[in-house]
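A quick write-up on the structure given underneath.
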Amino acid sequence: MLISHSSGLVFKIKKHVVTGYNKVNSQIIHATETVEEKINVFKVVDEINQLMKKAPRIHLYGSSESFIQISEMIIRNKINLGLPLGTLALLSEGQHSNIQDQIDIKLVKVKIESAFGIPAQNQRQNYGVMEIMQIFPQCEAGFFHVPPGVILSIRNRKDPFLLEEVPNCEEGQICIINPMIWSFPPFIATENTGKIITPNKKKCACGKYGPTFSIGEEKGFPSFCSLEQEVYNTPLAFVIEDLEKSFTSSH
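Structure representation (structure tokens):
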């Protein structure tokens with residue numbers, strides 16, 4: 174996954190890979206692999222310093238686990254990175270229920286601020302649903318934005334089939350569909366609960382328009398797809414119908 178921004182350069186931390194990207198042509202301009210689970214913090218710091226010479230701003234992306242490991246090493250070795258103001262730390266896996274059971278996100282953010290000097294307000298989580306290959310970015314107001322073309326539905330957890338939607342700002346099971354994935358049409362019932370914060374075409378507290386949602390405290394049901402939901406979901410039927418018309422007219 175690539176993350177773009179105004180300076181055109183991104184610093185990406187995965188579990189084993191540190192990568193720099195050029196936004197203009199999407200070419201990988203730098204990549205370093207670590208050995209198994211071991212991370213050489215001095216090598217990572219050197220890569221960051223090299224990338225800072227090529228762009229006025231870089232952003233960090235990686236799993237919460239990787240951030241913890243690298244942050245603790247930086248703190249232990251008393252390394253001062255001197256990252257520029259405006260640097261963002263983008264955390265993946267932060268909302269996955271299994272990861273949440275093991276990692277305290279608040280503690281992760283404290284460690285990142287201590288190690289990298291990135292304040293909590295510049296640390297964002299990503300909510301990912303791999304079944305539909307979709308990432309929902311968190312804005313500065315703390316809410317997750319729904320990308321265009323993706324449909325998010327909050328369903329009543331008391332309904333065993335999850336056919337009933339709940340009103341806006343009421344917590345329920347998060348269900349998501351990406352109509353563009355024709356090979357997998359049903360809604361995905363995620364493992365999380367949540368609620369709609371900003372309805373469609375309304376303005377979020379961050380200043381952007383479009384639907385947003387937050388993650389609830391309770392766990393949802395185990396993930397599954399619900400084919401029966403498509404029969405009762407009229408808005409989705411219209412979306413599919415429009416897509417079929419556009420597909421037919423283009424051939």
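By the working numbering, the letter at position 251 of the sequence shown is numbered 424, and the numbering carries on one by one without gaps. Note that CB positions come from ideal geometry on N, CA and C, so glycine has one too. Predicted model only: the values in this text are computed from it and were never measured.
Looking at the structure shown, is A293 part of a helix, part of a strand, or coil, going by DSSP? Within the sequence shown, the letter at position 120 stands for residue 293. In the three-state DSSP reduction, A293 falls in the helix class (H, G or I).
Quick one, are the C-beta atoms of I243 and V283 less than 8 Å apart? Taking the sequence shown and counting its residues from 1, one reaches residue 243 at position 70. Taking the sequence shown and counting its residues from 1, one reaches residue 283 at position 110. Remark: C-beta atoms of I243 and V283 do not approach each other more closely than 8 Å.
Once the 5 residues before and after G315 are set aside, which same chain residues still bring their CB inside 8 Å of it? Within the sequence shown, numbered from 1, the residue matching residue 315 stands at position 142. Contacts found: S387.
Count the C-beta pairs between the segment 338-353 and the segment 363-373 that are closer than 8 Å, then say yes if the count reaches three, no if not. Output reads yes: the segment 363-373 touches the segment 338-353.
Segment contact flag, the segment 325-338 with the segment 367-387, C-beta cutoff 8 Å, min 3 pairs: With a cut-off of 8 Å, the segment 367-387 and the segment 325-338 count as touching, because enough Cβ pairs lie within range.
Going straight from the alpha carbon of T207 to that of L254, what length do you get? Position 34 of the sequence shown, counted from the first residue, corresponds to residue 207. Position 81 of the sequence shown, counted from the first residue, corresponds to residue 254. Reliability of the predicted coordinates at T207 is poor, the pLDDT of 43 falling under 50, and no value is obtained from them.
Determine which residues share a DSSP beta bridge with I241 and list them. For the purposes of this step, residue 241 is taken as the residue at position 68 of the sequence shown. Bridge partners of I241: none, in fact.
Am I right that T260 and I285 are in contact with their C-beta atoms under 8 Å? What's the rounded C-beta distance? Looking up residue 260 in the sequence shown gives position 87. Looking up residue 285 in the sequence shown gives position 112. Not quite, the Cβ-Cβ distance comes to about 10 Å (not below 8 Å), so this is no contact.
Within 10 angstroms of its Cβ, does S287 collect 16 or more other Cβ (buried), or is it exposed? Within the sequence shown, the letter at position 114 stands for residue 287. The C-beta of S287 has fewer than 16 other C-beta atoms within 10 Å across all chains shown, which makes the residue exposed.
Report the three-state DSSP secondary structure of A262 (helix, strand or coil). In the sequence shown, counting from the first residue as 1, residue 262 sits at position 89. For A262, the three-state secondary structure derived from DSSP is strand.
Three-state secondary structure (DSSP) at I212? Along the sequence shown, one-based indexing puts residue 212 at 39. Under the three-state reduction of DSSP output, I212 falls in the coil class, being neither helix nor strand.
My output table needs one value for I349: the three-state DSSP class, helix, strand or coil. Here residue 349 refers to the residue found at position 176 when the sequence shown is read from its first residue. Per DSSP, reduced to three states, the secondary structure at I349 is strand.
Span separating the alpha-carbon of C377 from that of E238: One-based indexing of the sequence shown puts residue 377 at position 204. One-based indexing of the sequence shown puts residue 238 at position 65. Take the alpha-carbon of C377 and the one of E238: they are about 30 Å apart.
Backbone CA spacing between V218 and G290 [nearest angstrom]: Translated into the one-based positions of the sequence shown, residue 218 becomes position 45. Translated into the one-based positions of the sequence shown, residue 290 becomes position 117. Separation of V218 and G290 (C-alpha to C-alpha, rounded to the nearest whole angstrom) is 14 Å.
Please name the residue in L258, N373, Q223 whose C-alpha comes closest to that of Q294. On the sequence shown, residue 294 is found 121 positions in, with the first residue counted as 1. Of L258, N373, Q223, the residue nearest in Cα terms is L258.
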